[in-house]
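Counting from 1, position 260 in the sequence shown corresponds to residue 260 in full-length UniProt numbering; the numbering is continuous, with no gaps.
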Amino acid sequence: MEALTYLLKVTVCTVLFFGFYLLVLRKLTFFKINRFYLLGTILLSFAIPALHFEVKREAVAAETDLVTNLPEVKTAEEPVKLIQPIMVEYQPEIKPEIDWLSLIPYAYGTIAAVLLLICLWRLFSLLKYARKYTQNSDGLKLITKTTGFTNCSFFNYVFIDGDKLSDADLAVLLKHEQVHARQYHSADKILLMIAKALLWFNPVIYLYDKALEQVHEYEADEITSASFGNQAYASLLLQLAVTKTNNALIHNFVKSPVKDRIKMLFNQKSGSMKKLCYLLALPLGLLLIWGFTVKVTSVLVKEPVQEKTFTLVIDAAHGGTDYGSTFGGKKEKDLTLSIAQKIKTAAEAKGLKVVLTRTADQNPDVKARAAVNGDCLISLQLNAGRNNTKNGIEFFTSGTYERDFKLPKANSMTYWIYKNIRNIEGISVNNKPQSTKNALIDGSAKPGIVIILGNLTHKSDFNFITDEGKQTLLADKIVAGILQYKKATPSDEVIAARQKVSDSLGRAYEAWLNSDKYKALKIKAAKIGKQSISGKIESLHSFGAVNPRIDGFILNADGTKYRVYINPEIMKKTTYKAGDTFVAKVNKAEVWYDSDNLVLQPDIKTLEINTDGAALNKAIVPKIISFSKMTGNAKQKVSIMENAEIDLLNSRLTAKYVELDQLNNKMIARNVVLKSDEGTTLTAPIVVFDLTNGTFKAKSGSGKIERPNKQELEQQLKNALLSQPINEADAKVEYRAKDSVKMTRDKNIIYLFGDAMVVYNGVRLKGSKITYDKVNNTILANKATASSDKIDKLITADSIYLDLKTSKARLSGGNF
Numbered sequence: 001m002e003a004l005t006y007l008l009k010v011t012v013c014t015v016l017f018f019g020f021y022l023l024v025l026r027k028l029t030f031f032k033i034n035r036f037y038l039l040g041t042i043l044l045s046f047a048i049p050a051l052h053f054e055v056k057r058e059a060v061a062a063e064t065d066l067v068t069n070l071p072e073v074k075t076a077e078e079p080v081k082l083i084q085p086i087m088v089e090y091q092p093e094i095k096p097e098i099d100w101l102s103l104i105p106y107a108y109g110t111i112a113a114v115l116l117l118i119c120l121w122r123l124f125s126l127l128k129y130a131r132k133y134t135q136n137s138d139g140l141k142l143i144t145k146t147t148g149f150t151n152c153s154f155f156n157y158v159f160i161d162g163d164k165l166s167d168a169d170l171a172v173l174l175k176h177e178q179v180h181a182r183q184y185h186s187a188d189k190i191l192l193m194i195a196k197a198l199l200w201f202n203p204v205i206y207l208y209d210k211a212l213e214q215v216h217e218y219e220a221d222e223i224t225s226a227s228f229g230n231q232a233y234a235s236l237l238l239q240l241a242v243t244k245t246n247n248a249l250i251h252n253f254v255k256s257p258v259k260d261r262i263k264m265l266f267n268q269k270s271g272s273m274k275k276l277c278y279l280l281a282l283p284l285g286l287l288l289i290w291g292f293t294v295k296v297t298s299v300l301v302k303e304p305v306q307e308k309t310f311t312l313v314i315d316a317a318h319g320g321t322d323y324g325s326t327f328g329g330k331k332e333k334d335l336t337l338s339i340a341q342k343i344k345t346a347a348e349a350k351g352l353k354v355v356l357t358r359t360a361d362q363n364p365d366v367k368a369r370a371a372v373n374g375d376c377l378i379s380l381q382l383n384a385g386r387n388n389t390k391n392g393i394e395f396f397t398s399g400t401y402e403r404d405f406k407l408p409k410a411n412s413m414t415y416w417i418y419k420n421i422r423n424i425e426g427i428s429v430n431n432k433p434q435s436t437k438n439a440l441i442d443g444s445a446k447p448g449i450v451i452i453l454g455n456l457t458h459k460s461d462f463n464f465i466t467d468e469g470k471q472t473l474l475a476d477k478i479v480a481g482i483l484q485y486k487k488a489t490p491s492d493e494v495i496a497a498r499q500k501v502s503d504s505l506g507r508a509y510e511a512w513l514n515s516d517k518y519k520a521l522k523i524k525a526a527k528i529g530k531q532s533i534s535g536k537i538e539s540l541h542s543f544g545a546v547n548p549r550i551d552g553f554i555l556n557a558d559g560t561k562y563r564v565y566i567n568p569e570i571m572k573k574t575t576y577k578a579g580d581t582f583v584a585k586v587n588k589a590e591v592w593y594d595s596d597n598l599v600l601q602p603d604i605k606t607l608e609i610n611t612d613g614a615a616l617n618k619a620i621v622p623k624i625i626s627f628s629k630m631t632g633n634a635k636q637k638v639s640i641m642e643n644a645e646i647d648l649l650n651s652r653l654t655a656k657y658v659e660l661d662q663l664n665n666k667m668i669a670r671n672v673v674l675k676s677d678e679g680t681t682l683t684a685p686i687v688v689f690d691l692t693n694g695t696f697k698a699k700s701g702s703g704k705i706e707r708p709n710k711q712e713l714e715q716q717l718k719n720a721l722l723s724q725p726i727n728e729a730d731a732k733v734e735y736r737a738k739d740s741v742k743m744t745r746d747k748n749i750i751y752l753f754g755d756a757m758v759v760y761n762g763v764r765l766k767g768s769k770i771t772y773d774k775v776n777n778t779i780l781a782n783k784a785t786a787s788s789d790k791i792d793k794l795i796t797a798d799s800i801y802l803d804l805k806t807s808k809a810r811l812s813g814g815n816f
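Spelled out as structure tokens, the structure:
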């Protein structure tokens, strides 16, 4: 379709350019300029739509209130539970109708190719006559002909009928054709032939051809008449006016209308100032360039946001006369200051502002250290002591969740720093922060942590802490953690909102634990123990709003309701549905906050598990057959189809409008015809489908799309295969295919493609592809149907497998 759009744009360009020529330029006597205008605009018409430019326009985002009014869809009396329609299959139905739209490119290409071949044929027919010629002094190659095209030229080949021309007339003719040859008018003719082949559907291109040929003749007439006189030249034109040819590649002396040519000979020449008219074509060209090549996109201009400078405060413990721990000639005050300075260097290189509580061998008091302004505080310390067995890097926090939220921020800081230093070699890292009372952290308004950099009296820790390279590595990783903390930590408002929700849930949970209902359920749970229980399933239970998963059901046992919990993965393999009788041994009875009923967890061994491992109660998967148009909203996961056909298990839905809302798990169809394989038909203006259990509600009623009983259908197929053949022919396997039949070299396996069919013992198996294994006597059909006089109705499946030796049948697909 892109090529078709391109050709239509080319057509628009030719129409506008030629319209300008007719209105403004056609009557001007600047023939050479007119010629180049016509040629140039043809080339521009092909070039302009092929160009693409993008112009970005700055736009300021305006704050608006989005108000959306959605039409209310009213269905039957009660709301329908909806599930997520999973559109995993698109199965276009093979139809015999011809898609005429898809044939347009082939039709266009065929016609264009034929026209180009005709052009080549005409060219070769000209060259056939050009083998024998005589060349005159002006470089013209003269070819004498008395029939067909005569008194015409192609490049410097001139075809003349000498018997009908006097010497004087011949001289005029040759002068005229000499102009055509020297101006390369034949090259223009070839270009127009190609353009007409490509734009054969465009009537304007034929007007271009006629106008260009006329300009050629005007130009040649003007130069020739200047040498022989207008009167004599006009007389010759009239004399030869009866001789014409239809070959589009040659210049015939009198092919162009003689009357117009004679009138142009005697017309007054256009004034030089009228050449300015050609400049009027520039706005037209610019308009086409802007319309077809320039794409204007709006670029949202965001006002630069001045980000608040993040300040990291590093406290190097001790200092001055307070040495801190000492061991092996190393003092804690010196080591903490050295690492603090390395952290400062690394952080400033990453754009952070860093303030040290001390920059030299000083010992500011705790209040002065705590008063330093910043966004977070890290105090660097060391462990020591021969009786201290702790080693490695440790984290300590202090603070509360009240108001300033120092504690959650401190915990976040330890998490991100630990995440970056946990794999550092040479020292262990404790991943669990410990809470402690710390005068510096408690006295500071900013969230802070204490990092114990290791045990000075521990050999491996000592070697790590005193190594300059290890200090730099540790500093880099601490800074990386701070950068991630800065990016990930939410604002105080967000933390407050989360804390409010958490506190509310906590209070509600505490109240529930102290409620009479909780106490009564606990007593009831203790009484049930591990006894067996039986009852009727009222409804299946699911969790998850977007992608609901079934995790059990509500059981009514002698008037008492229980919630039976079964792992969703195990639940997939069960056959339980509403209305079934459930009997199982209870493994555990519990009281859950989110359940009004006692929660029973049955013994898995006592459950009815589907041995095939497939859930028999899974959602129906719609198979889209066709639609005329599809639109949607990818973000909201809504697909809208017009004139759609969709298969729903054993039913075909035809609707003018279908909406699949995956987020809200809804399928709504309007102007509906729902036809089942059994022949029943429902017609309704609107139908709402619940694809989980195959139910639907419509203004004209409600119903259920029944899922075929897989085991029953397989048994029917098996019985049909086991039945005694009526005659010898039925005992043989017969096959055919519409597209092709292929075999392996040993001819043991046969592949049938396209509307394939295999018949055995009265069972007719059809499919898009069928594989027949003659050695193992098995048949596999894809997109299959099976029918027989011994089967109740047509069986449809994604695939059908038949074992003719054992008469075993297996059906597969989303319908089961």
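Glycine included, every Cβ here is placed at the ideal spot set by N, Cα and C.
Self-check item: Three-pair Cβ contact test at 8 Å for the segment 461 to 477 versus the segment 330 to 349
Solution: Flag = yes, the segment 461 to 477 and the segment 330 to 349 touch.
Quiz item: Do the segment 283 to 292 and the segment 226 to 241 meet, that is, are 3 or more Cβ pairs less than 8 Å apart?
Solution: no
Quiz prompt | Helix, strand or coil at residue 130 according to DSSP, with G and I counted as helix | solution = Position 130 of the sequence shown, counted from the first residue, corresponds to residue 130. Of the three classes helix, strand and coil, the one that applies to residue 130 here is coil, per DSSP.
Quiz item: Whole alpha helix (DSSP H) runs in the segment 180 to 250 with 4 or more residues, listed along the chain?
Solution: Counting only unbroken stretches of 4 or more residues, the alpha helix (DSSP H) elements lying wholly within the segment 180 to 250 are 185 to 198, 203 to 228, 230 to 239, in sequence order.
Quiz item: Quick one: what does DSSP say residue 676 is sitting in, helix, strand or coil?
Solution: Counting from one through the sequence shown, the residue named residue 676 turns up at place 676. Strand, per DSSP.
Quiz prompt | Inter-residue Cα distance where the pair is residue 93 and residue 53 | solution = On the sequence shown, position 93 is the one that residue 93 refers to. On the sequence shown, position 53 is the one that residue 53 refers to. Legend: pLDDT at residue 93 = 48, less than 50; position of this residue unreliable, value from coordinates given subsequently. When rounded, the distance between both Cα atoms is 41 Å.
Quiz item: For the 8 Å Cβ check, are there 3 or more pairs between the segment 471 to 488 and the segment 365 to 374?
Solution: Because the criterion of three Cβ pairs below 8 Å is not met, the segment 471 to 488 and the segment 365 to 374 do not touch.
Self-check item: Exposure label - residue 592; buried when at least 16 CB within 10 Å
Solution: In the sequence shown, the residue the question calls residue 592 occupies position 592. Answer is exposed; the Cβ neighbour count stays below 16.
Exercise. Below 6 Å CB to CB, which residues in the same chain sit around residue 330 once its five sequence neighbours on both sides are set aside?
Key: If you number the sequence shown from 1, residue 330 lands on position 330. The answer, listed in chain order, is 466.
Quiz item: If you run the structure through DSSP and keep just helix, strand and coil, what is residue 807?
Solution: As a working note, residue 807 is residue 807 in the sequence shown. In the structure shown, residue 807 sits in coil (DSSP, three-state: anything other than H, G, I, E or B).
Quiz item: With DSSP run on the structure shown, which of helix, strand or coil describes residue 611?
Solution: As a working note, residue 611 is residue 611 in the sequence shown. With a pLDDT of 41 at residue 611, under the threshold of 50, the modelled position of this residue cannot be trusted, and the question is left open.
Self-check item: Segment limits, alpha helix (DSSP H) that includes residue 601
Solution: Translated into positions along the sequence shown, residue 601 becomes position 601. Premise fails: residue 601 lies in the beta strand (DSSP E), 598 to 602, not in any alpha helix (DSSP H).
Quiz prompt | Selected residue, minimal CA-CA separation from residue 497, among 405, 418, 720 | solution = As a working mapping, residue 497 is identified with position 497 in the sequence shown. Checking every option, the nearest Cα to that of residue 497 belongs to 405.
Quiz item: Buried or exposed: which applies to residue 558, given that a residue is buried once 16 or more other Cβ atoms fall within 10 Å of its Cβ?
Solution: Position 558 of the sequence shown holds residue 558. Residue 558 comes out exposed.
Quiz item: If we ignore side chains and look at the alpha-carbon of each, how far apart do residue 531 and residue 630 end up?
Solution: Stepping through the sequence shown from its first residue, residue 531 is reached at position 531. Stepping through the sequence shown from its first residue, residue 630 is reached at position 630. In a straight line, the C-alpha of residue 531 is about 56 Å away from that of residue 630.
Practice problem: Identify whether residue 564 lies in helix, strand or coil by the three-state DSSP scheme. | Solution: Start at 1 with the first residue of the sequence shown, and residue 564 comes out as number 564. Correct three-state label for residue 564: strand.
Quiz item: Mind checking whether residue 371 and residue 444 have CB atoms under 9 Å apart?
Solution: For the purposes of this step, residue 371 is identified with residue 371 of the sequence shown, where counting begins at 1. For the purposes of this step, residue 444 is identified with residue 444 of the sequence shown, where counting begins at 1. Yes, the pair counts as a contact, with Cβ atoms nearer than the cut-off.
Quiz prompt | Those runs of the alpha helix (DSSP H) which lie wholly inside the segment 285 to 362 and span at least 4 residues | solution = Listed in chain order, the complete alpha helix (DSSP H) runs (minimum 4 residues) inside the segment 285 to 362 are 332 to 349.
Quiz prompt | First and last residue of the uninterrupted alpha helix (DSSP H) at residue 720 | solution = To locate residue 720, count along the sequence shown from 1; it is residue 720. Counting along the chain, the alpha helix (DSSP H) containing residue 720 begins and ends at 710 to 722.
Exercise. State the DSSP-derived secondary structure class of residue 381, mapped to helix, strand or coil.
Key: As a position in the sequence shown, residue 381 is number 381, starting the count at 1. Three-state result, residue 381: strand.
Quiz item: Near residue 432, what residues of its chain come up, given a Cβ to Cβ distance below 7 Å and the 5 sequence neighbours on each side ignored?
Solution: Here residue 432 is taken as the residue at index 432 of the sequence shown, counted from 1. Sequence-distant partners of residue 432 (beyond 5 residues in either direction) whose C-beta falls short of 7 Å from its own C-beta are missing from its chain.
Exercise. Rounded to whole angstroms, what's the CA-CA distance from residue 600 to residue 556? Just pull it up for me.
Key: Reading the sequence shown from its first residue, position 600 is the one you call residue 600. Reading the sequence shown from its first residue, position 556 is the one you call residue 556. Rounded to whole angstroms, residue 600 to residue 556 spans 12 Å at the Cα level.
Quiz item: Mind checking residue 772: buried by the 16 CB within 10 Å criterion, or exposed?
Solution: For this step, residue 772 is matched to residue 772 along the sequence shown. Buried, by the Cβ-count rule.
Quiz item: Among residues of its own chain, excluding the 5 on either side of residue 818, which ones have a beta-carbon nearer than 8 Å to its beta-carbon?
Solution: The structure shown does not extend to residue 818, since the chain is modelled only from 1 to 816, so the question has no answer here.
Quiz item: Between the beta-carbon of residue 296 and the beta-carbon of residue 355, is there less than 9 Å?
Solution: Numbered from its first residue, the sequence shown carries residue 296 at position 296. Numbered from its first residue, the sequence shown carries residue 355 at position 355. For residue 296 and residue 355, no; Cβs fall outside 9 Å.
Quiz item: Which stretch, first to last residue, makes up the beta strand (DSSP E) that contains residue 632?
Solution: By one-based count along the sequence shown, residue 632 stands at place 632. Looking at the DSSP string, the run of the beta strand (DSSP E) that includes residue 632 is 629 to 633.
Exercise. May I ask you to report which of helix, strand or coil DSSP gives residue 90?
Key: Translated into the one-based positions of the sequence shown, residue 90 becomes position 90. Here the model assigns residue 90 a pLDDT of 45, short of 50, so the residue's position is not dependable, and the following value carries that caveat. Here DSSP, grouped into helix, strand and coil, assigns residue 90 to strand.
Self-check item: residue 263 to residue 151 span [Cα, whole Å]
Solution: The residue you call residue 263 lines up with position 263 of the sequence shown. The residue you call residue 151 lines up with position 151 of the sequence shown. Going by the C-alpha atoms only, they are around 22 Å apart.
Practice problem: Apply the 10 Å Cβ neighbour rule to residue 224 and answer buried if 16 or more other Cβ atoms are within range, or exposed otherwise. | Solution: Locating residue 224 in the sequence shown gives position 224, counting from the first residue. Flag for residue 224 reads buried.
Self-check item: Buried versus exposed, by CB contacts within 10 Å (16 or more), residue 713
Solution: Sequence index remark: in the sequence shown, residue 713 carries index 713 (1-based). Buried, by the Cβ-count rule.
Quiz item: Per DSSP, what kind of secondary structure is residue 690 in: helix, strand or coil?
Solution: What you label residue 690 is simply residue 690 of the sequence shown in a count that begins at 1. Residue 690: strand per DSSP, three-state reduction.
Self-check item: Cβ-Cβ distance between residue 170 and residue 162 below 9 Å
Solution: Here residue 170 refers to the residue found at position 170 when the sequence shown is read from its first residue. Here residue 162 refers to the residue found at position 162 when the sequence shown is read from its first residue. It is a contact, given that the beta carbons lie within the stated cut-off.
Quiz item: Could you give the residue range of the alpha helix (DSSP H) that holds residue 464?
Solution: The residue labelled residue 464 in the question sits at position 464 within the sequence shown. That run of the alpha helix (DSSP H) goes 459 to 465.
Practice problem: Report the residue from 212, 584, 110 whose alpha carbon sits nearest the alpha carbon of residue 22. | Solution: The residue given as residue 22 occupies position 22 in the sequence shown. Closest by alpha carbon: 212.
Self-check item: Counted within 10 angstroms of its Cβ, other Cβ atoms place residue 743 as buried (16 or more) or exposed
Solution: In the sequence shown, the residue the question calls residue 743 occupies position 743. Burial call: exposed.
Self-check item: Distance between beta carbons of residue 172 and residue 124, contact taken as under 8 Å
Solution: By one-based count along the sequence shown, residue 124 stands at place 124. By one-based count along the sequence shown, residue 172 stands at place 172. Not quite, the Cβ-Cβ distance comes to about 30 Å (not below 8 Å), so this is no contact.
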